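With our numbering applied, the sequence shown covers 45 to 122.
Following: one structure in structure tokens, then a few remarks.
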Amino acid sequence: MSRATNKLTTVKIDGLTERGRYGDGGGLWLNVTHTGGKSWVYRWTKRGHVRELGLGPYPVVSLAKARKKAFEYRQMIA
């Protein structure tokens with residue numbers, strides 16, 4: 045069974061206020077800080093180590109752009 049992707053929507057993201065990490069699937073995560081700031085991170089595991097790459101702040105980097113960047117990084121890492 046494959047993992048779900050595209051779990052987040054712009055409406056859902058705009059409504060997030062609680063601090064935490066929210067997954068969209070495929071290694072794409074949205075970090076929400078205690079002040080309400082939001083930023084995108086691509087996470088993957090290589091040789092047992094979790095790696096992270098910042099993709100930029102939301103809404104400067106939109107959901108669509110973040111998904112595209114995550115897809116491009118998945119292709120490069122694979």
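We put the beta carbon where it would ideally sit given N, CA and C, even for glycine.
Computed from a predicted model, the values in this text were never measured in an experiment.
Could you tell me the alpha carbon to alpha carbon distance between residue i and residue j, rounded to whole angstroms?
{"i": "P103", "j": "W88", "result": "23 Å"}
{"i": "T61", "j": "V76", "result": "7 Å"}
{"i": "H43", "j": "I121", "result": "Because the chain is modelled from 45 through 122, residue 43 falls outside the range shown and cannot be assessed."}
{"i": "K51", "j": "G80", "result": "20 Å"}
Excluding the 5 residues preceding and the 5 following residue i in the sequence, name in chain order all residues of the same chain whose CB lies nearer than 6 Å to its CB.
{"i": "K113", "result": "L99"}
{"i": "Y66", "result": "L74"}
So the candidates are the options; which of them puts its Cα closest to the Cα of residue i?
{"i": "R118", "options": "L107, V105, L97", "result": "L97"}
{"i": "H78", "options": "G69, G64, V55", "result": "G64"}
Ends of the beta strand (DSSP E) at residue i?
{"i": "V85", "result": "82 to 90"}
{"i": "L99", "result": "93 to 102"}
Specify, as a first and last residue, the run of the alpha helix (DSSP H) that residue i falls within.
{"i": "V55", "result": "54 to 59"}
For residue i, list the residues DSSP reports as bridge partners.
{"i": "Y66", "result": "L74"}
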